[in-house]
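Numbering (our numbering), first residue to last: 454 to 1231.
Idealized CB from N, CA, C, for every residue including glycine.
I have placed the structure first, in the form of structure tokens, so that the comments after it can refer back to it.
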Ligand code: ADP
């Protein structure tokens, strides 16, 4: 054979800690001078290079003895120069070579390499080959299944090879082997030898993985067991400490004693007795006993039939309500009616009232007053952000750390079966995969079902029919319809500045003085200063920030009294800034002069009313409509309706036929921190467009609200009170309101209507007549 050896002279790189195999594409970095030169030499010739691995990784200049004899002949595909004289070389292995001699080693290693013919499997019969392929595939698959580091994708790709040699070599290339193992594979020139090495390797590795896994599970089991035992022991210790070993009997006796004193239905009594029996039968150190103890305690604490006596004195109730809250007439009236009916009929289902309105308008606090007025216990259940049905209905007792739901818990807290239960922020419950919260609430609120409310933890039906529920919400939109149907909605609207002044003087101030330990003599705030606080330091529908600002003044006053021995502090408009800093808000005032294409609209948001400015520009173009700024979908629709109306009326407004083809219309709503949406800006946008198209200016003193139809009819809108207040604050003189909203005007306080011209409009023509500057006005 030796006679046929083909010998070549090749530049050679000695590799440290790596072996490259035929078919491998890989890059490595070289930094030794001799290696760099060798690569450069190869690049000058036919790109062939001989890569041979050093036996000793740390040997800097190995000779023949320091090198493995079989190496890889590779072609250099790419060379990249890196900083610090390092070359990154990309090579592809082509075949095996045997190192015969090193010819030169001054500049770079040039060696004599005999090319080893790639071995094929010709010696083996077809059947033998097939058997080997199958065996190898099986082995490799088990190996991959045990070794989670090998990706499924790679396995799939490799299993596609059916040629024995390809299969063997691809598996070898893709295994992450130590370089010495790789060198062994490289040295195995004969395919059968390689096959054998590989099968042994795979079997061994698979076995190792299995043993490793076994060991791990065993260790884990051991740890788990230890931990469990430890926890149990600790519990046991605690219980022992708490009870002493024989205390369980006496505890059970105590439970029975307590039960005897309670007036409860037969069903409840039997259930509690049964649990007490179980409690006795369970050994004190079982973890179950703690669970049962908790359960029995909860059952004993539930009010069941215990009720408080309601106040039936209507006059007293009225007094409490009036003293504690200013305004809120509708709520107070409804409560007094309820009380009257109940006194007369001696019973009566409790209504479920839902107070809806912006934050800080006294919804929660009036509910508390109602409880006082009726002499009821008060519990507040905050529903904001509740998503899990179990929070309302409780967890089953099998669940670790189970508790009663919020309703049952609220009842337990109240200690009576007929408290006033405030369901705060009912519009903020949501449902997710853990069950339907609103269905659970429905059962709470449905008078047909709520005398048998089921809590998963309590397991006994709870009677909620005597509970007076009051719910609060900021907006009705997110309350599911069936829930809404069960409740009586009472709207609480924004306060006017004047109302806020009354509330501040009559209520908030006293509350804050008390809270900060001040007397009325020590701090007084002039009416004008109060009005300034309301106007320039708060911008809200309710009075929460106002209360906070008063608190701030009280704090500063308290400090001055103590630090500077001040006797009393008087707050006036002049010294207000010293206490509260610079004014925070300015109101969006009416436009200063009449302008073309700019109209002020009135908007309602969940936090009160606001004005918004709509701008329209017309410019030469291709008939496109551009909408930008804070526009919701409904607003976009109504802008389009407005355009259709204008186009259909182009004769009336003397707009040329070609206008809409040759011009673009751009509608924009600048600023606005609270996003606004809804159809009520319809007439505002239409007016702005007509003004921009006809170049007739719009009166700066006018603001408007109303939905528009394609035929130019003006449809009614909601939130009139809020919008009117916003218009007044913005110094608007005239507001245009849909004719159909006339009846709602009663809600708007006279102080707001006083200096405001309110024009009712039913048609777009009327809007334009009022809003556009007429020739005779000029
Ligand atoms: P809401 O529940 O509507 O968000 P709160 O009940 O928390 O509002 O009210 C905020 C504060 O304002 C409370 O201190 C409350 O007493 C006070 N308040 C609100 N409205 C009135 C009112 N009409 N009269 C007296 N105080 C009020």
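### Task
Report, in whole angstroms, the separation of the C-beta atoms of residue 1186 and residue 1154, which I expect to be a contact under 8 Å.
Position 733 of the chain shown, counting from 1, holds the residue named residue 1186. Position 701 of the chain shown, counting from 1, holds the residue named residue 1154. About 4 Å; that satisfies the 8 Å criterion.
### Query
Under a CB-based cut-off of 7 Å, is residue 959 close to chain B?
The chain inventory of the structure shown lacks chain B, comprising one protein chain alone.
### Task
Flag this pair as yes or no: are the beta carbons of residue 1084 and residue 1149 separated by less than 7 Å?
In the chain shown, the residue the question calls residue 1084 occupies position 631. In the chain shown, the residue the question calls residue 1149 occupies position 696. No, the pair does not count as a contact, with Cβ atoms beyond the cut-off.
### Task
Decide if residue 891 is buried, meaning its Cβ has at least 16 other Cβ atoms within 10 Å, or exposed.
Locating residue 891 in the chain shown gives position 438, counting from the first residue. It is buried - the Cβ of residue 891 has at least 16 other Cβ atoms within 10 Å.
#### Entry: As assigned by DSSP and simplified to three states, the class of residue 752
To locate residue 752, count along the chain shown from 1; it is residue 299. In the structure shown, residue 752 sits in a helix (DSSP, three-state: H, G or I).
### Message
Helix, strand or coil for residue 1008? Go by DSSP, reduced to three states.
### Response
Here residue 1008 refers to the residue found at position 555 of the chain shown. The answer is helix: DSSP assigns residue 1008 an H, G or I state.
### Query
Can the beta-carbon of residue 1092 be found closer than 7 Å to that of residue 1079?
On the chain shown, position 639 is the one that residue 1092 refers to. On the chain shown, position 626 is the one that residue 1079 refers to. Not a contact, by the Cβ cut-off of 7 Å.
### Query
Going by DSSP, which residues form a beta bridge with residue 528?
Walking along the chain shown from the start, residue 528 turns up at place 75. Residue 528 is bridged to 501, 545.
### Beta-carbon proximity check, residue 1067 vs residue 1141, cutoff 7 Å
Here the question's residue 1067 lines up with position 614 in the chain shown. Here the question's residue 1141 lines up with position 688 in the chain shown. Their beta carbons are under 7 Å apart, which means residue 1067 touches residue 1141 by this criterion.
### Query
Got a sec: does ligand 1 put a non-hydrogen atom nearer than 6 Å to the Cβ of residue 812?
Numbered from 1 along the chain shown, position 359 holds the residue referred to as residue 812. Yes, the Cβ of residue 812 comes within 6 Å of a heavy atom of ligand 1.
### Message
Going by DSSP in three states, residue 1164 sits in which element: helix, strand or coil?
### Response
Position 711 of the chain shown, counting from 1, holds the residue named residue 1164. In this structure, residue 1164 counts as coil in the three-state DSSP scheme.
#### Entry: residue 1121 - DSSP class collapsed to helix/strand/coil
Taking the first residue of the chain shown as 1, we reach residue 1121 at position 668. Residue 1121 falls in the strand class under three-state DSSP.
### Message
Please state whether the Cβ-Cβ distance between residue 1212 and residue 1191 is less than 7 Å.
### Response
Locating residue 1212 in the chain shown gives position 759, counting from the first residue. Locating residue 1191 in the chain shown gives position 738, counting from the first residue. The answer is no: Cβ separation not under 7 Å.
### Query
With which residues is residue 1057 paired in a DSSP beta bridge?
Position 604 of the chain shown, counted from the first residue, corresponds to residue 1057. BP columns for residue 1057 point to 1062.
### Query
Can you pull the DSSP bridge partners for residue 807?
Here residue 807 refers to the residue found at position 354 when the chain shown is read from its first residue. Its beta-bridge partners are 924, 942.
### Message
Taking 6 Å as the limit between beta carbons, can you name the residues of its chain near residue 878, skipping five residues before and five after?
### Response
Within the chain shown, the letter at position 425 stands for residue 878. Excluding sequence neighbours, residue 878 sits near 836, 837.
### Query
Should residue 997 be listed as close to ligand 1, given that the test is whether its C-beta is under 6 Å from any heavy atom?
As a working note, residue 997 is residue 544 in the chain shown. Yes - ligand 1 has a heavy atom lying nearer than 6 Å to the Cβ of residue 997.
### Query
Could you give the C-beta distance for residue 870 and residue 758, rounded to a whole number, given that I count them as a contact under 8 Å?
Start at 1 with the first residue of the chain shown, and residue 870 comes out as number 417. Start at 1 with the first residue of the chain shown, and residue 758 comes out as number 305. Indeed, because the Cβ distance is near 7 Å, the residues count as touching under 8 Å.
### Sheet register partners of residue 415 (DSSP bridge)
Outside the displayed span of the chain (454 to 1231) sits residue 415, for which this structure offers no information.
### First through last residue of the beta strand (DSSP E) which encompasses residue 459
In the chain shown, the residue the question calls residue 459 occupies position 6. Residues 459-468.
### Task
With DSSP as the reference, label residue 1068 as helix, strand or coil.
The count along the chain shown starts at 1 and reaches residue 1068 at position 615. Correct three-state label for residue 1068: strand.
#### Entry: Every unbroken alpha helix (DSSP H) inside the stretch 834-884 [4 residues or more]
842-846, 859-867
### Message
Are there any heavy atoms of ligand 1 lying less than 6 Å away from the beta-carbon of residue 863, as far as the coordinates show?
### Response
Locating residue 863 in the chain shown gives position 410, counting from the first residue. False, no ligand heavy atom lies under 6 Å from that Cβ.
### Contacting residues, own chain, Cβ-Cβ under 6 Å from residue 982 (five flanking each side not counted)
Sequence index remark: in the chain shown, residue 982 carries index 529 (1-based). Result list for residue 982: 1024, 1025, 1026, 1029, in chain order.
### Message
Looking at the strands, I want to know which residues DSSP matches up with residue 482.
### Response
In the chain shown, the residue the question calls residue 482 occupies position 29. Paired residues: 541.
### Task
Could you say if the stretch 486-495 and the stretch 525-545 meet the contact criterion of at least three C-beta pairs nearer than 8 Å?
yes
### Query
What first and last residue would you give for the alpha helix (DSSP H) that runs through residue 1088?
Here residue 1088 corresponds to residue number 635 of the chain shown, with the count starting at 1. Where residue 1088 is concerned, the enclosing alpha helix (DSSP H) stretches over 1086-1101.
### Query
In whole angstroms, what separates the C-alpha of residue 922 from that of residue 795?
Your numbering for residue 922 matches position 469 in the chain shown. Your numbering for residue 795 matches position 342 in the chain shown. Cα to Cα, residue 922 sits roughly 15 Å from residue 795.
### Query
In terms of residues, what are the limits of the alpha helix (DSSP H) holding residue 606?
Here residue 606 refers to the residue found at position 153 of the chain shown. Note, residue 606: alpha helix (DSSP H), 605-612.
### Query
Skipping 5 residues on each side, what residues in its chain have a beta carbon closer than 7 Å to that of residue 705?
Taking the first residue of the chain shown as position 1, residue 705 is located at position 252. The answer, listed in chain order, is 729, 732, 733.
### Message
Helix, strand or coil, according to DSSP, for residue 557 in the structure here?
### Response
Translated into positions along the chain shown, residue 557 becomes position 104. Of the three classes helix, strand and coil, the one that applies to residue 557 here is strand, per DSSP.
### Query
Is the beta carbon of residue 1000 within less than 6 Å of some heavy atom of ligand 1?
The residue labelled residue 1000 in the question sits at position 547 within the chain shown. Yes, the Cβ of residue 1000 comes within 6 Å of a heavy atom of ligand 1.
#### Entry: Three-state class that DSSP yields for residue 636 in the structure shown
Here the question's residue 636 lines up with position 183 in the chain shown. In the structure shown, residue 636 sits in a helix (DSSP, three-state: H, G or I).
### Message
Quick check: does the Cβ of residue 691 come within less than 6 Å of any heavy atom belonging to ligand 1?
### Response
The sequence position of residue 691 within the chain shown is 238, counting from 1. Checking every heavy atom of ligand 1 against the Cβ of residue 691, none is found closer than 6 Å.
### Cut-off 6 Å between Cβ atoms - residues of its own chain near residue 1215, not counting five sequence neighbours on either side
Translated into positions along the chain shown, residue 1215 becomes position 762. Contacts found: 1167, 1192.
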